[in-house]
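Take a look at the structure set out below.
Protein chains in written order, with this note's numbering: chain A, 1 to 334; chain B, 1001 to 1334.
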């Protein structure tokens, strides 16, 4: 078993989402708490701007819950930057006990799963969790500075500039975190860092299949099964794999955060990605839809490619992972 | 509260420790399960050798517990390499559900604290956790390739080549994980990456003080309070801080993993460090001493410096953290 059921109803009492200029032109701009006009956020490096995204999202989440940061007992988070420094530096500002995580773009749900586990079992009554990414900081580190203007293939994805944070409490009003399934590393031997979606799809399907089996539910239980950042290519791969595994997940029911965030016509190739992508889409757009009653039960499956520029240079394949968390609202419990 | 009490006695049923050639000449060589004669471990890169250290330690821990890897439900771990790839690649080999962590040299106890929490609360009955470092891989990434022979000041520490892993179960025979205190980020404004011990000492003292207060015990409760890798300089700073904070921790009672691993005369400057240091010293040497009855109650305080070469280049200070876990054996419970 790698699925946890949360019987004590850990609640997402508030969230904070911050985005950059490209996200401000996207499809779900109105779901952000803060949108910045430029990538620098008045800082003198992209990495410092990255940190500020997360700090702002944390402050917003605390404000909206009507608490000060002294009430936050634990902060769980991570990002894609070497040694996750934007998150650790933001953790200094947040000031609570801190557990640093690394799950690449799966970090959002790794954090939510652990936060809900801690709250469900009395390890804390107020936990903050979140993840973030910054397009220019991540591109510089993993590929080239964006100023080079180097070309990418259509299978590549666009790193989101944004931070999404949630505050989990043992009581209060809001969507309930009902269960989580922790992913295994799945590596199908792919090596192309410009096609992460394809590499990550099998990990997503493995986690979804395990989740449904271990919870003993049918895929129809969920109104929405939404992946972290598979993008166009990865989503197609996953839909193929569902058929092969005899999983009845419909095209309508199966969406991807990387395909929700930008508008048709924005030059994002196969879609959005980055540790901030699923965090801002879930904690902004999707929870807003839940509160409007449009979604009652969803399974968020954040996917991560656990490679580095160095493992790529050393000709290693891409190990992938996906962590799933179910969020329910407005049903029998909400 | 940032201290968890584990009422259901999560047990360390077995451990695995692997070291390199420099550790083989050290003071606690006989406490390792495996020692390698050279740094390459027959691999073609130091990072791949780093991964093998962890794989071997995991296999040893499983063997000693008489289980196959299929019984391991979760693996929690991390290291210092960008995007913690040695750990994630080893997680593929281990094959269980995987939660990637980043806490720099504090990762060993971040992992043990979470593993014990999961087992204590029924999230799993068999969890593996561990951390590792490789001197040449870490030096290359954080400073210079060792082949350059660049000089270091006497405040610098020597990165351990080693991996330490433990297997935590809900039943069985062995030392019990009784509580854990999660650290806050503490940053006293120091900026010298060649004096990590000094930077980390205040974080260690903050966590120890919080732990004693929240558990409502006196420091004399523990036979041993052992820090992750403060080294000579950091240990002196911590002893000074104990006095200032009116904490009665004696010099004998207060030891450091970074000062236990090597012999007098090995050129390690201020002592050992690295994510593998506290892992191999605790899971090898110290648990062996517990089993011999020499230590009944110890508090392991793994310290981490959460910087990166990039934050140093951007003139940032060094945020530090320390996570404490208490391990007890042979008292009323053991």
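A virtual CB, placed ideally from N, CA and C, is assigned to each residue, including glycine. Keep in mind it's a predicted model, so treat the numbers as computed, not measured.
For residue 1008/B, the number of other beta carbons within 10 angstroms of its own is below 16, and it is reported as exposed.
For the set 1151/B, 1096/B and 1030/B, the Cα lying nearest the Cα of residue 1077/B is the one of 1096/B.
Interface residue (Cβ-Cβ distance to chain A less than 9 Å): residue 1098/B is classified as such.
When the Cα atoms are used, residue 1314/B and residue 1206/B turn out to be separated by approximately 27 Å. Contact annotation: residue 1228/B and residue 1126/B have beta-carbon atoms that are not nearer than 9 Å. Secondary structure note for residue 235/A: its alpha helix (DSSP H) is the uninterrupted segment 231-244. Taking every protein chain shown into account, the CB of residue 179/A has 16 or more other CB atoms within 10 angstroms, so this residue is buried. In terms of Cβ geometry, residue 137/A and residue 225/A do not form a close pair [threshold 9 Å].
The three-state secondary structure of residue 1100/B, taken from DSSP, is strand.
For residue 1167/B, there is no enclosing alpha helix (DSSP H); the enclosing beta strand (DSSP E) has its first and last residue at 1162-1169.
The count of Cβ pairs closer than 8 Å, one atom from the segment 207-217 of chain A and one from the segment 133-152 of chain A, stays below three, leaving the stretches out of contact.
Annotation note: the segment 1175-1223 of chain B contains the following uninterrupted beta strand (DSSP E) runs of length 3 or greater, listed N- to C-terminal: 1176-1181.
Bounds of any beta strand (DSSP E) do not take in residue 1001/B, whose DSSP letter is neither H nor E. Going by DSSP, residue 22/A is part of the alpha helix (DSSP H) stretching over 21-24. Residue 268/A carries a coil assignment under DSSP once its states are collapsed to helix, strand and coil.
Pairwise C-beta distances place the segment 1317-1327 of chain B in contact with the segment 1181-1195 of chain B, as three or more of them are shorter than 8 Å. Within the segment 150-179 of chain A, no residue places its CB atom closer than 9 Å to a CB of chain B. The DSSP assignment places 74-78 and 97-100 as complete runs of the beta strand (DSSP E) inside the segment 57-114 of chain A, in order along the chain (cut-off: 3 residues). In this structure, the beta-carbon distance from residue 1177/B to residue 1112/B falls below 9 Å. Going by beta carbons, residue 1289/B and residue 1256/B fall outside the 9 Å limit. Taken atom to atom, the span from the alpha-carbon of residue 1015/B to that of residue 1058/B is near 8 Å. Unbroken alpha helix (DSSP H) stretches of 4 residues or longer found wholly inside the segment 1120-1156 of chain B: 1135-1142, given in chain order. Listed along the chain, the chain B residues whose CB falls inside 8 Å of the CB of residue 182/A are 1074, 1097, 1098 and 1099. A direct Cα-Cα distance of roughly 48 Å separates residue 1286/B from residue 241/A. Within the segment 1064-1090 of chain B, the residues whose Cβ lies closer than 8 Å to some Cβ of chain A are 1073, 1074, 1078, 1080, 1081, 1082, 1083, 1084, 1085, 1088 and 1089, listed in chain order. Between the C-alpha atoms of residue 1019/B and residue 195/A there is a straight-line separation of about 37 Å.
Following the DSSP letters along the chain, one finds residue 263/A in no alpha helix (DSSP H), marked with neither H nor E.
Residue burial is scored here from C-beta neighbours: residue 1220/B has fewer than 16 other C-beta atoms within 10 angstroms and is therefore classed as exposed.
Inter-residue distance for residue 1329/B and residue 1296/B is about 5 Å (C-alpha atoms, whole angstroms). For the pair residue 146/A and residue 158/A, the Cα-to-Cα distance works out to about 11 Å. For residue 40/A, there are no C-beta contacts with chain B under 9 Å, since the nearest C-beta of that chain is about 14 Å from it.
Here residue 1284/B is not near residue 1067/B, since their CB atoms are 9 Å or more apart. When Cβ pairs closer than 8 Å are counted between the two stretches, the segment 1305-1312 of chain B is seen to touch the segment 82-96 of chain A, the count reaching three or more. Burial of residue 1055/B is indicated by the presence of at least 16 other C-beta atoms within 10 angstroms of its C-beta.
Shortest Cα-Cα distance from residue 1032/B to any of 1299/B, 1301/B, 1317/B and 1262/B involves 1262/B. The residue among 10/A, 2/A and 231/A with its C-alpha nearest the C-alpha of residue 128/A is 10/A.
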